[in-house]
Amino acid sequence: MSTEVADNTSDTESPATYKVIGTRPVRHDGADKVTGKAVYTDDLHVPNMVFGAFVRSPHAHARIVSIDTSEAEKMPGVLATCTSADLPDPWDKVDNLGEGCVNYAHLSGNVLARKKALYKGHAVAAVAATDSYLAQEAARRIKVEYEPLPATMSVQDAMKEDAPLLHDELITHTLGEEPARPSNIASHIQFEKGNIDEGFAAADVVIEREFKTATVHQGYIEPHVSVALWNEDGRLKIWTATQGSFVVRQQMAELLKMPVSQITIVPCEIGGGFGGKISVYEQPVAAVLSRKCGRPVKIMMQRDEVFEATGPTPASFMRVKLGATKDGRLTAGNAWLAFDAGAFPGGVIGPGAMCVFSCYDLPHATVDGFDVVLNKPKTQAYRAPGSTHVAFATECVIDELAERLEIDPIEFRLNNAAKEGTRRVDGPVYPRVGLVECLQAIQNSDHWKSPLTGPNRGRGVACGFWFNCGLKSSVTANVNADGTVTLIEGSTDIGGTRTSIAMQLAETLGITAEDVIPQVVDTDSVGFTDVTGGSRTTFATGLAAHEAALDIQEQMVEQAAKIWECSQDEVTVVNGVYQGNGKSLPFKELAVEADKVGSPIVGRGAVDPQGSTNAFAVNLVDVEVDPETGKVTILRFTVCQDAGKAIHPSYVEGQMQGGSAQGIGWALNEEYFYGDDGHMRNASFLDYRMPTCYDLPMIDTIIVEVPNPDHPYGVRGVGEVPIVPPPPAIANAIYRATGVRFFELPMSPPTVWNAIKGQTTGD
Amino acid sequence: MAIVFIPSQLQKLTGTAQVEVEGNTVREVVTQMDIQFPGIQQRLFDDGQLLPTLQLSVDHVMTRVLSTSVKATTEVHFLPVIGGG
């Protein structure tokens, strides 16, 4: 692997020198992870624990006529059953969870179907029994009578006037006038900038294309799993695999109509999330079963349940039109985007519509976005939600424009790249951002400078954008008697954030990363912390750790003044060394002395940074296409990304490589295959084709560092944007290898083979 | 005073894409805007609060805090909320 870190601080900024930040210490949870000692939820065996299983709809759309649990309840070892009647009546309340919003009536109806089953696999009932096999057998004996209804499985079909309605009273939400009649269009978003008629009139070349993408899943290895214990005193405790323990607590409180203070969420280690482990699924059901049987209940989904009944990311239908002048300036853009929300409103069309032209300085544009319900599982975020879809459309048209204008594809992008002062189509103006620097870093890379030769080979490039966010984070930091610091945090660690947050505390205090002991704790043991998502954790929880370190430093100065019998004003701190009254001690040694004379030193950090930190990534990819099979082999792949500041470069590279690998899977193979009956035909990892190490080359990384001015160490966040550019970069590479442009994902071997064959036969 | 960028779907109410509105905070600006263009607040707020499906961009910083201060050159945009992965 080749890794470069390009320092892109401006002439007016002096590059900071750090002792901890930018180094690569061993991760604090490394030993537990590699020796199998780390505790995941399924490792838990709580005394008297029993097991839950779901009854799921065999129909994609059906009215529930009746549910009879009596036969199951007679089985020895069956302790409780549960249907939607056991959940409190839901309220039509829409809540903002920090990372997106949720309608609790919809959430409750997704957890356990009420009047209708809205997708194949929709949970209808559940049962708790003394072992998991018994629970599954009991679930089979719960009799559900259905009245099947016609299903709608694509956004184009669902938007038709005569489409079967999922929700009889769903009126399209728009800021303008709402239609009188219900439909499957849950919302319509619109942005306008300038005058697109003028913009397209000024263009020498205009290209318009239609694109489709398939439903794909985040594909985390660990299935959804929870243990719930509803105690006799009315308190509820849940151990679970989640990206956000506090957000789970908030959802549970609303769904079960309990105060948050009665609920404790214990986040266990997590085997991947990528946006799919924010919403609750099995947690409320396990809780209700526990309440009914008086014992802790574990529910772990099987893989087919994860595919069919959690939250994949949407399929889409998009139309993108762009115009440019002969000298390579974009003049106007128009986008029409319809995203599949799944069975309930609230998909990712909002950010999709905001991202569609976010890489470019477009003087005139309009964007229309539609959130469409259909008979598939409720969709959820997947790394930069919505942005990968729209980047596929825009970046393919950009590539075609560059080709038509005979301009180098990177130069064309540089001509039009968003930079500080560019106004996005949705309105806001960018502060300092790093897209130009990323494109230039790709231009200067060994990869770009190395010619690609050979038959059936092609090279593609594409850009991607994601907002990243701030939100709430809290930490507490306790200085120990030996001078180490225990860092208590609420951010579940998915990608090494224990260490990246600890490193920021260490840098501020002037100690080593190894001197910090990070602990991810339950919701009773730390202040509110939003989800590990939105590429926010190293940025925002790191900011909280920095604040806690400054708090500690202030208390250490106070203690030093006492010890050295001088005023606090006389104590100075430089690089973690405290000096005063002619004496000097480094942090660790002073902490040992302070422990003997004063009150415990406890630092506090609680932050709620507003705004986006604006991440850009650029991909360069070489492919070879087998004309006999249509198989695309990735020969070489380089991802360049503006990280702001890479706190732990290995973890930044890991995020860039992981996101790229997922983007490659999305581009080439992954898709939900649905039959005419609305059943997913490939609900297993055997048939849902994710890339493995045999499919991927080593992914080269170039980290660009354009510091974020709103963070003391310049952090932007890195987790999401690397998934965005791979599909269009690969599509553009396949075009150069085959002469065929692709407008649909995935570009799987049969699709590519058919297209090549059509080209050669003229079909 | 702030410069409010009117969402395109609400421009029927204002007749223009941008309006300059008096006020020291975002909430005051929206209240004043509703006096000038009756009904606009109802499209953006629910029970006195910003719709949960919306966020603000105030001088290009995303926020949902209605007490955010504004000045004469402040830009206010109404945008969809963003969920991350």
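Just so you know, the protein sequences line up as chains B and G, in that order. Under this note's numbering, the residues of the first sequence are numbered 282 to 1044, in order. Under this note's numbering, the residues of the second sequence are numbered 703 to 787, in order. We put the CB at the ideal spot given by N, CA and C, even for glycine.
- Message: 8 Å is my cut-off, CB to CB: does G:R729 come that close to chain B?
- Response: So, not an interface residue.
- List the residues that DSSP assigns as beta-bridge partners of B:H469. DSSP lists B:F651 as the bridge partner or partners of B:H469.
- Would you call the CB atoms of B:S754 and B:D805 closer than 8 Å? The Cβ atoms of B:S754 and B:D805 lie no closer than 8 Å to each other.
- Message: I need the straight-line Cα distance from B:T362 to B:S542, nearest angstrom please.
- Response: Between B:T362 and B:S542, the C-alpha separation is close to 27 Å.
- Query: If we call anything under 8 Å between Cβ atoms a contact, is B:V331 one with B:L360?
  - Reply: B:L360 is positioned such that its CB atom lies closer than 8 Å to that of B:V331.
- Task: Quick one: list the residues of chain B neighbouring G:M735, beta-carbon separation under 8 Å, in chain order.
- Result: Within chain B, no residue comes near G:M735; the closest Cβ sits about 13 Å away, beyond 8 Å.
- State whether the stretch 756-772 of chain B contacts the stretch 1004-1011 of chain B, with contact taken as three or more CB pairs (one from each stretch) at a distance under 8 Å. These segments do not touch.
- Message: By DSSP's criteria, B:C921 is part of a beta bridge. Which residues make up the other side?
- Response: For B:C921, the beta-bridge partners assigned by DSSP are B:V899 and B:I983.
- Message: Let me check understanding here. Comparing Cα to Cα, which of B:P1003, B:Q836 and B:N696 lies closest to B:L901?
- Response: Of the listed residues, the one whose Cα sits closest to B:L901 is B:P1003.
- For B:M837, the three-state DSSP class (helix, strand or coil): B:M837: helix per DSSP, three-state reduction.
- Message: For B:M282, count the other beta carbons within 10 Å of its own beta carbon; 16 or more makes it buried, fewer makes it exposed. Which is it?
- Response: For B:M282, the predicted structure reports a pLDDT of 46, less than 50, and the residue's modelled location is therefore unreliable. A value from the coordinates is still provided. Per the 10 Å Cβ criterion, exposed.
- In this structure, does DSSP put B:Q499 in helix, strand or coil? Assignment of B:Q499 by DSSP, reduced to helix, strand and coil, places it in the coil class.
- Query: Any residues in the stretch 805-831 of chain B with a beta carbon nearer than 8 Å to a beta carbon of chain G? Which ones, in chain order?
  - Reply: Those would be V812, G814, G815, S816 and R817, in chain order.
- Message: Please tell me whether B:S338 and G:G786 are closer than 8 Å, where the distance is taken between their beta carbons.
- Response: Taking a C-beta distance under 8 Å as the contact criterion, B:S338 and G:G786 do not qualify as a contact pair.
- Task: Provide the residue span of the beta strand (DSSP E) that contains B:S755, from first to last.
- Result: S754 to V760 is the span of the beta strand (DSSP E), which, as asked, contains B:S755.
- Message: Need the endpoints of the beta strand (DSSP E) that B:W729 sits in, please.
- Response: B:W729 -> not in any beta strand (DSSP E); alpha helix (DSSP H) instead, spanning D727 to K730.
- Task: Return no unless some Cβ of chain G is closer than 8 Å to the Cβ of B:T236.
- Result: Summary: the structure shown does not reach residue 236 of chain B, with chain B confined to residues 282 through 1044, and so no result is reported for it.
- Message: Quick check on the DSSP output: what are the complete alpha helix (DSSP H) runs of length 4 or more inside the stretch 582-610 of chain B, in order along the chain?
- Response: Taken in chain order, the complete alpha helix (DSSP H) segments of 4 or more residues contained in the stretch 582-610 of chain B are 584-590.
- Task: Please list the residues of the stretch 463-476 of chain B that have a C-beta atom closer than 7 Å to any C-beta atom in chain G, keeping them in chain order.
- Result: Of all residues in the stretch 463-476 of chain B, I470, Q471, F472 and E473 have a Cβ within less than 7 Å of some Cβ in chain G.
- Just the chain B side, please: which residues come within less than 7 Å of G:Q711 by C-beta, in chain order? Correct list: T455, L456, G457 and Q471.
- Query: Looking only at its own chain, which residues have a Cβ that is under 7 Å from the Cβ of B:T591, when we skip the five neighbours before and after it?
  - Reply: Excluding sequence neighbours, B:T591 sits near H505, G557, Y562 and P658.
- Beta carbon proximity, G:M703 to chain B, threshold 8 Å: G:M703 does not count as touching chain B.
- Task: Indicate whether the contact test is met: 3 or more Cβ pairs, each with one atom in the stretch 644-658 of chain B and one in the stretch 472-482 of chain B, closer than 8 Å.
- Result: The stretch 644-658 of chain B vs the stretch 472-482 of chain B: in contact.
- Query: With 16 as the cutoff for other CB atoms within 10 Å, does B:D324 come out buried or exposed?
  - Reply: By the neighbour-count rule (16 or more Cβ atoms within 10 Å), B:D324 is not buried but exposed.
- Message: Rounded to the nearest angstrom, what separates G:L758 and B:G381 at their Cα positions?
- Response: Their Cα atoms are separated by approximately 13 Å.
- Is G:T718 close to chain D, meaning its C-beta is less than 8 Å from at least one C-beta of that chain? Here chain D cannot be found, since the structure's protein chains are B and G.
- State the Cα-Cα distance for the pair B:P890 and B:R997, rounded to the nearest angstrom. If I take the Cα positions, the gap works out to 12 Å.
- Query: In three-state terms, what does DSSP make of B:F481?
  - Reply: Residue state, collapsed to three classes: helix.
- Ordered list of beta strand (DSSP E) runs contained in the stretch 870-896 of chain B, each at least 3 residues: Annotation note: the stretch 870-896 of chain B contains the following uninterrupted beta strand (DSSP E) runs of length 3 or greater, listed N- to C-terminal: 883-888.
- Query: Where does the unbroken alpha helix (DSSP H) through B:Q938 begin, and where does it stop?
  - Reply: Per DSSP, the unbroken alpha helix (DSSP H) holding B:Q938 starts and ends at P930 to L949.
- Task: Measure the Cβ-Cβ separation of B:D367 and B:V569 and say whether it is below 8 Å.
- Result: Between B:D367 and B:V569, the CB-CB gap stays under 8 Å.
- Message: One question on the structure: do B:V756 and B:G911 come within less than 8 Å of each other, judged by their Cβ atoms?
- Response: It is not a contact, given that the beta carbons lie outside the stated cut-off.
- Task: Report yes or no: do three or more beta-carbon pairs, one from the stretch 853-867 of chain B and one from the stretch 916-932 of chain B, lie closer than 8 Å?
- Result: Too few Cβ pairs lie closer than 8 Å, so no.
- Message: Does B:K607 pass the burial test, meaning 16 or more other C-beta atoms within 10 Å, or should it be called exposed?
- Response: Exposed is the call here.
- When the Cα atoms are used, what is the spatial distance from B:I502 to B:A398? Annotation: B:I502 to B:A398 spans about 27 Å, alpha carbon to alpha carbon.
- Nearest-angstrom beta carbon gap, B:I792 and B:K877 [assumed within contact, 8 Å]: Wrong, their Cβ atoms sit about 19 Å apart, outside the cutoff.
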